[in-house]
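Under the numbering used here, read the sequence shown as residues 1450 to 1624, first letter to last.
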Amino acid sequence: MGIFNRVKDMFRARNVDEEKGTVTRSIQTLELEDIVSYDLEDYIVKGKLVYEDGGFEWTVYHLAGETANRWLSFEEDDEWVIGMYDKTSVPKGEPGSGPFEYEGTTYQVKEHGTASIKEAEGRVGASPGQTVEYWDLVDNDTQEKQLSVEKWGGSLEASTGHEISEKEISIIAGT
C-alpha cells in the first residue's frame, strides 16, 4: 500500500462524523490538504490562486502528486469550466493576436488580458495584489488542447491542458 493510499484512508476516516454526517467538498470548496483523484492518480491540494480581471474571477489549485504536479482550474462562464494543466517548457515568445505555433501545434488566442491575484494560499509562488499578463489559447485543429501562457514580471510560464468534467475527479476532504 503506497503512502497516498494510507493518507486517503486516514482522510476518509476523518470525513465521517457520526452526528453530522459526511464532510463533502466540491471543486468550488476545495481546501489546502484535500485530496483530488484524477485519471487514477491522487494529488494533494498544496496551493490556491484566485485571479481577477475586470470583475471576472477564476481559481487555480496547485496539486502535488507522487510523480508530478498539476494545476486544476475552474471558472464560471454560463456553466462551470474545469481544466487540468501540466507545466511545460517556456515558449520562445509571447503569443500575438494571430496563430501561435508551439511544440508542433497551432493555437489561437481565446482570451488575453491582465489579471491581479485576489487570493493566494499555500505553495503558489504569488502574492495578493500581484499582476500577471495572461493568454489562454486553444488548438486550431480539435479545439481540445489548451495552452496557458502567463507573464510574471519579465518571465513567461506555460502550461498545457484540456477541459475535464467534474465527474472525472473525486475529492476527499483533508480537514
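Glycine residues also receive a C-beta, built at the ideal position from the N, C-alpha and C atoms.
Problem set entry | For K1536, the first and last residue of its enclosing beta strand (DSSP E) | Per DSSP, K1536 belongs to the beta strand (DSSP E) from E1528 to T1537.
message = Going by C-alpha to C-alpha distance, which of I1493, T1555 and K1600 sits closest to A1622?
response = Checking every option, the nearest Cα to that of A1622 belongs to I1493.
>> Using CA atoms only, rank isn't needed, just tell me which of Q1477, V1499 and K1541 is closest to E1568.
In response: The closest CA to that of E1568, considering only Q1477, V1499 and K1541, is found on V1499.
Using a Cβ-Cβ cutoff of less than 7 Å, which residues in the same chain neighbour G1514 once the five nearest sequence positions on both sides are dropped?
Excluding five sequence positions before and after G1514, the CB atoms of its chain that fall closer than 7 Å to its own CB belong to E1490, D1491 and Y1492, given in chain order.
Using beta-carbon positions only, say whether A1607 and S1565 come within less than 8 Å of one another. In this structure, S1565 does not lie closer than 8 Å to A1607 by Cβ.
C-alpha gap between D1527 and V1587, whole angstroms: Cα to Cα, D1527 sits roughly 19 Å from V1587.
### Task
Could you check if L1479 is buried or exposed, using at least 16 other CB atoms within 10 Å of its CB as the buried criterion?
Buried, because 16 or more other Cβ atoms sit within 10 Å of the Cβ of L1479.
Checklist entry - Could you give the distance in angstroms between the alpha-carbon of S1522 and the alpha-carbon of G1603? => result Answer to the nearest angstrom: the Cα atoms are 24 Å apart.
Suppose you measure from the CA of I1484 to the CA of K1616; what does that come to, to the nearest Å? For I1484 and K1616, the distance between alpha carbons rounds to 15 Å.
Item checked: C-alpha gap between K1495 and F1549, whole angstroms -> Near 32 Å, if we compare the C-alpha coordinates of F1549 and K1495.
* Starting from the Cα of Y1556, find the closest Cα among Y1487, I1531, Q1592 and H1611 and give me that residue. => Cα-wise, what sits closest to Y1556 is Q1592.
Check: Leaving out five residues before and five after G1625 in sequence, what residues of the same chain have Cβ atoms less than 8 Å from its Cβ?
Finding: Missing from the structure shown is residue 1625; the chain here goes from 1450 to 1624 and no further.
For a minimum of 3 consecutive residues, which ranges assigned as the beta strand (DSSP E) are wholly contained in the region 1551-1579? You should have 1554-1571.
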